[in-house]
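Below is one structure, written out as structure tokens; the observations come after it.
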Amino acid sequence: MTTAPLPAGAPGRLALRLRLGRPSRAGWLGIAGVISLVVVLIGGIVLGSVDLAPATTVAILAKRLLGIELGITWLPTAEAIVMDLRLPRVLTAMVVGTGLAVAGATFQGLLRNPLADPYVLGTASGAALGAAIAVLIPVRGLILEFGLLHGLAFLGALGSVTVVYRLSRTSPLAPLTSLLLTGYAVGSLLAAGLAMAMYVSGTGLRQIFSYLLGGFDGTSWLRLVVAAPLIIGGSVAILVRARALNGFLLGEEAAAHLGVDVRRERVVLLALASLVTAAGVAIAGLIGFVGLVVPHLVRLLVGPNARVVLPISALFGASLLAAADVVARMLGGVPVGVVTAVIGAPFFLALLRRARTGYEL
Amino acid sequence: MTGPILHADGVTVEVRSRSILRDVTLALEPGERVALVGPNGAGKSTLLRTLAGTLRPTAGRVLLGGTPIGSLERVEVARRLAVVPQQAALPFAMRVEEVVALGRLPHEAPLRGTRPSDRAAVAAAIERVGVGHLLGRDARELSLGERQLVLLALAVAQAAPVLLLDEPTVHLDLRHQVEAMELLRDLNERDGTTLVAVLHDLGLAAHFFPRLVVIDHGRLIADGSPRDVLSDALIRDVFGVDPALVRIAASAGRG
Amino acid sequence: MDARFPAAPRRGRILPAALVVLVAIVVGACARPAAAPNTVPATPSASAPASSAPTDSPSPSLAAAFPVTVTDDEGTPVELAAEPRKVVSLTPAATETLFALGLGDRVVGKVEDFSVYPPEAASVADVAKFGSVDVERIVGLDPDLVIAGGSNFNPPESIQQLRSLGVPTVVLFAPDVATALEDIALIGTATGTADEAAAINADIQAAFDEVTSATAGVPARRVFYELDASSGFFGPAPDYFGTEMIKVAGGDPLTSGTPGVYQIEAEQIVDFDPEVILLGDAAYGVTVDQVAERPGWDTLSAVKAGAIRPIDDVIVTRPGPRLADGIRALAVAIHPELELTGASPAASAPESASTAP
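Residue numbers (my numbering), protein chains in the order written: chain X, 255 to 615; chain D, 312 to 566; chain V, 11 to 367.
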């Protein structure tokens, strides 16, 4: 087996030029992402509807997390607010933000559509319908602090993606086109079911509606500990497959030529991204824009290399969603989905103006 | 290595009860340079896909290095066989060097990503194909011809011993067509790369390729040197044109 | 063209699923004891040093009233170790009840209410609004008792969160008058004002008795109680609080026919031919003239007889101490010829919008 020999003295100038440029920008962006994550984490713990002196907050964290006494006393309520309300909430928002951004990046790469978001294959409609049905069923029980609503939302999300995938396979159209179109059709059908459920929901309408708008009320350590492995684990599993995702950049046939097991990778990546989305949607409701705008923006800045896009999208997705939640809280209970839309839409419009040529699909 | 490096054995391809390829047998020894020619719709691209292993034949088999290509891991196939498609759609903005860098995918470890040797291979490929002046440009903004060269550079970066090309000169002007042909010849004679190229230009094919394979209506009609294969009768029957046109092109330049 | 190799199993899913199971086992083994879903212990921080207990008159109840365990409308037992000094009310009805029981200065937080009553309640801090509860703020107030609304009035998640943080939370929901009275009694028991609560209930009961006997000999009038007409017509569902009230007040209410559904077709209304139309949405600006001019409505008996009357929806449907006023106002609105003692001129509409129960 012969490999083509490199010509003597591979042009140093060329190689140097290839080394610079995007990779270093990715480095800076990564650092910025980590910094923003830390800033948002601090902000999310220090800010809230109750005024706590920053010194108190620091003292509480030092005691509970590091076992260090700082000589400041505080009320038990302050400790409950910091440790049981704010901290798990910020972390949950970060975890969900990570999941949505990574899933969005994956769907965009898999479907080769820069306008795809994690909900494109009917996940949102399925989750919403599942949640609506749960509200209608008069069962109140908790498993690990998750109610029927979360369970059915999760199953609804996964179920709808499965249905979309299976249905799309029976279509003679190209796999990607078929997936997108089937996703649209199934999503519409589920949305109709949701409308019906909302119509007969009576007093449950409020709950369905607040689920649709998305939010982090009711987050707790237990929920975080159950959901985080799913989301983070799934995201890591996707990251490990970044090479395959890169292979898809020029199309499925090119991917096959570059050594990607197209059939398998398509299913696995779809499944992982759907799992991550379903878990995020189950605990936080339908929060939009994060999964679309973050990976899109990152890709514009650092290029489409999934090895870079995925982790940086994760960082900024986490920061964005946690920041949006802090803003939502400070504005007095505005739904998080509204905040992300208000932040995301102008960004997106700016993106569209920057786009030079049309998108080829 | 003994035996053919790439071998299509009695390959038949039927799609929705329509026969695209019928019992095609084609063996390539390492280091060969073969042009696949034939009229539109003859099945050339299908044959190329089957040889690349992305299309499973209805009957017959394809052997890569003596092993059935379907039983090999795709990554393994990609290390041994590179394909230059006619075109590729680009939904995302990608710089030319990023497109070419994709050619190193089969050699990358899943987690580590690109190494200096990969970068050097990419740089070498870009230089060799002659697209260095396009560095930093968005691949979507290139002309079709420039894009074709970039795809060629991708395959060169892949550094595989077998290279399959599907109409690699379709959008190139005459000068670049000739340059591409000379590059292919160089890859073959200097690096020992086995080449199979689907070409529509009989003149180019006859001039640059010592072996021609003619496909028509899914069947292998002829296989041999241009002189032997391109008889007047064949040109008239298969291509439906005046053989004189082809003679002029084939005899121009060095024989 | 698709590479036709057999599909591999979804390996990518097994690992995260196994992680979940593993974590669930680990977490379940060392779950915090305070996370038990049902019984809620009393606030562990009852001895918080810096919280200032507001000075108020000692309650006239029996000394042995605490500790007490009340069972809320969801069947959850809630234990109160001592008489609550700081109470948060998450339903407008509970706010009214607390103030009527003389506990106004103990209410440290309430749900936002556009038709707040009594007026003194307006100065209490808002800690919740439609569909959302600021759990952090409530915890910051360190209350001894929170009264929440069931049937999704407050988000169940927030209620659960409050309980898991050790805040005694009672969930009340009154789909009918009897339960409303029980709720008032329960609030009294929970706050050490059982006697005052009994007195309020006696008043309400007296008003009901009076109305019942006054309408006993009178044929029930067909009533359409309009809740909203801005996009389609909304009226009482058969299981609505107001439906029962209308029946007691000598009315025969038009309902949607399906529990939980409040939409009524225009045809149904015309077919029903109400003798009285009560505008529960008068607070939203719907006037008698507007209604009379609706196309096709001039055939209705109520319109012909001029029996379109605005009514204060709040006192009719809020399960609180003003039910006495509500039933009387309703009875008079349906049967204006009745003479009731203590009938308040509450048939007029308030200026601001109201939230139901």
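Beta carbons: idealized from backbone N, C-alpha and C, even for Gly. These figures come from a predicted structure and were not determined experimentally.
Residue i - DSSP class collapsed to helix/strand/coil
i: Q362 (chain X); result: helix
i: S142 (chain V); result: strand
i: F244 (chain V); result: strand
i: R42 (chain V); result: Only weak support is given to the placement of R42 (chain V): the predicted model assigns it a pLDDT of 38, under 50, and the value that follows is read from those uncertain coordinates. Coil at R42 (chain V), not helix or strand.
i: E89 (chain V); result: strand
i: V288 (chain X); result: helix
i: G535 (chain D); result: strand
i: Y235 (chain V); result: strand
i: D334 (chain D); result: strand
i: V228 (chain V); result: coil
i: A259 (chain V); result: coil
i: E84 (chain V); result: coil
i: G298 (chain X); result: helix
i: E349 (chain V); result: coil
i: R343 (chain X); result: helix
i: I287 (chain V); result: strand
i: I316 (chain D); result: coil
i: G253 (chain V); result: The amino acid at residue 253 (chain V) is misidentified as Gly; the sequence shows Thr. T253 (chain V): helix per DSSP, three-state reduction.
i: E343 (chain D); result: coil
i: T49 (chain V); result: In this prediction, T49 (chain V) scores a pLDDT of 34, lower than 50, which makes its location untrustworthy; the coordinate-derived value is nonetheless stated afterwards. Looking at T49 (chain V) - three-state DSSP - the assignment turns out to be coil, as it is neither helix nor strand.
i: S99 (chain V); result: strand
i: G468 (chain X); result: coil
Neighbouring residues, chain X, relative to residue i (Cβ below 9 Å)
i: P479 (chain D); result: Simply none; closest approach about 14 Å.
i: G270 (chain V); result: V454, S455, G456, T457 and G458
Among the options, the one whose alpha carbon lies nearest that of residue i
i: L430 (chain X); options: X:Q461, X:G321, X:A370 and X:V556; result: X:A370
i: L529 (chain X); options: X:V300, X:P483, X:L329 and X:A595; result: X:P483
i: A357 (chain X); options: X:P600, X:F543, X:Q461 and X:V418; result: X:F543
i: G302 (chain X); options: X:A316, X:I335, X:L493 and X:F502; result: X:I335
i: L494 (chain D); options: D:V540, D:R329, D:K355 and D:F519; result: D:F519
i: E384 (chain D); options: X:I566, X:S567 and X:R517; result: X:R517
i: L288 (chain V); options: V:P320, V:P269 and V:F282; result: V:P320
i: E519 (chain X); options: X:R495, X:L540, X:I537 and X:A538; result: X:R495
i: L551 (chain X); options: X:L540, X:I566 and X:G505; result: X:I566
i: F408 (chain X); options: X:L339, X:N559, X:A388 and X:A347; result: X:A388
i: A533 (chain X); options: X:N367, X:A411 and X:R318; result: X:A411
i: A436 (chain D); options: D:L359, D:L462, D:L455 and D:R423; result: D:L462
i: G380 (chain X); options: X:V415, X:G557, X:V562 and X:P558; result: X:V415
i: S474 (chain X); options: V:V118, V:E146 and V:A230; result: V:E146
i: D515 (chain X); options: D:E387, D:G551 and D:D320; result: D:E387
i: D502 (chain D); options: D:T313, D:E343, D:S328 and D:T336; result: D:E343
i: A293 (chain V); options: V:A224, V:D249, V:I279 and V:V324; result: V:V324
i: R458 (chain D); options: D:V440, D:P379, D:R390 and D:V473; result: D:V440
Under 8 Å by beta carbon: chain D residues contacting residue i
i: V547 (chain X); result: By Cβ distance, chain D contributes nothing, its closest Cβ being about 15 Å from V547 (chain X), past 8 Å.
i: P558 (chain X); result: F403, A404, M405 and E409
Interface partners of residue i on chain X, CB under 7 Å
i: A363 (chain D); result: H511
i: G424 (chain D); result: R561
Partner residues on chain V for residue i, Cβ-Cβ distance less than 7 Å
i: T206 (chain X); result: Past the boundaries of the shown model lies residue 206 (chain X); chain X is included only from 255 to 615, so the question cannot be answered.
i: V304 (chain X); result: E146, R147 and G150
Amino acids of chain X, ordered along the chain, whose beta-carbon sits closer than 8 Å to that of residue i
i: E167 (chain V); result: G401, D471 and G472
i: S266 (chain V); result: By Cβ distance, chain X contributes nothing, its closest Cβ being about 10 Å from S266 (chain V), past 8 Å.
Under 7 Å from the C-beta of residue i: neighbouring residues of chain D
i: P368 (chain X); result: P402 and F403
i: D515 (chain X); result: R385
Under 9 Å from the C-beta of residue i: neighbouring residues of chain D
i: P508 (chain X); result: A small correction: the amino acid at residue 508 (chain X) is Ala; Pro does not occupy that position in the sequence shown. Result: V394, P396, A399, L413, L462 and L465.
**Study point:** Any alpha helix (DSSP H) of 4 or more consecutive residues that is wholly inside the stretch 364-427 of chain D
**Key:** DSSP runs (the alpha helix (DSSP H)) wholly in the stretch 364-427 of chain D: 385-391 and 407-412.
Exercise for review: Could you please tell me which residues of the stretch 471-505 of chain X, in chain order, have their CB closer than 9 Å to any CB of chain D?
Suggested key: Per Cβ criterion, the list reads L493, V494, R495, A496, R497, A498, N500, G501, L503, L504 and G505.
Exercise for review: Could you list the residues in the stretch 565-589 of chain X with a C-beta less than 7 Å from some C-beta on chain V, going in chain order?
Suggested key: Going along the stretch 565-589 of chain X in chain order, one finds G587 with a Cβ nearer than 7 Å to chain V.
Point to revise | Residues within the stretch 139-151 of chain V neighbouring chain X, beta-carbon criterion of under 7 Å | key: Those would be K139, G141, S142, D144, V145, E146, R147, V149 and G150, in chain order.
Practice item. Quick one: which residues of the stretch 429-454 of chain D get their C-beta closer than 8 Å to a C-beta of chain X? List them in chain order. Key: Legend: CB atoms of the stretch 429-454 of chain D lying less than 8 Å from CB atoms of chain X belong to residues R430, A431, A432, V433, A434, A435, I437, E438, R439, G443, L446, G447, D449, R451 and E452.
Review point. Residue ranges of each beta strand (DSSP E) run of no fewer than 3 residues wholly in the stretch 316-346 of chain V, ordered along the chain?
Key: Along the length of the stretch 316-346 of chain V, whole beta strand (DSSP E) runs at least 3 residues long occupy 318-320, reported in chain order.
Point to revise | Against chain X: residues of the stretch 287-307 of chain V by CB proximity under 9 Å | key: With the criterion set as a beta carbon lying under 9 Å from some beta carbon of chain X, the stretch 287-307 of chain V has no members that meet it.
Check your understanding: Using Cβ-Cβ distances below 7 Å, what residues of the stretch 352-380 of chain X are close to chain D?
Key -> Cβ contacts with chain D come from R366, N367 and P368.
Exercise for review: Give, in chain order, every unbroken run of the alpha helix (DSSP H) that is at least 4 residues long and sits entirely within the stretch 559-615 of chain X.
Suggested key: List check, alpha helix (DSSP H) in window: 560-584 and 590-608.
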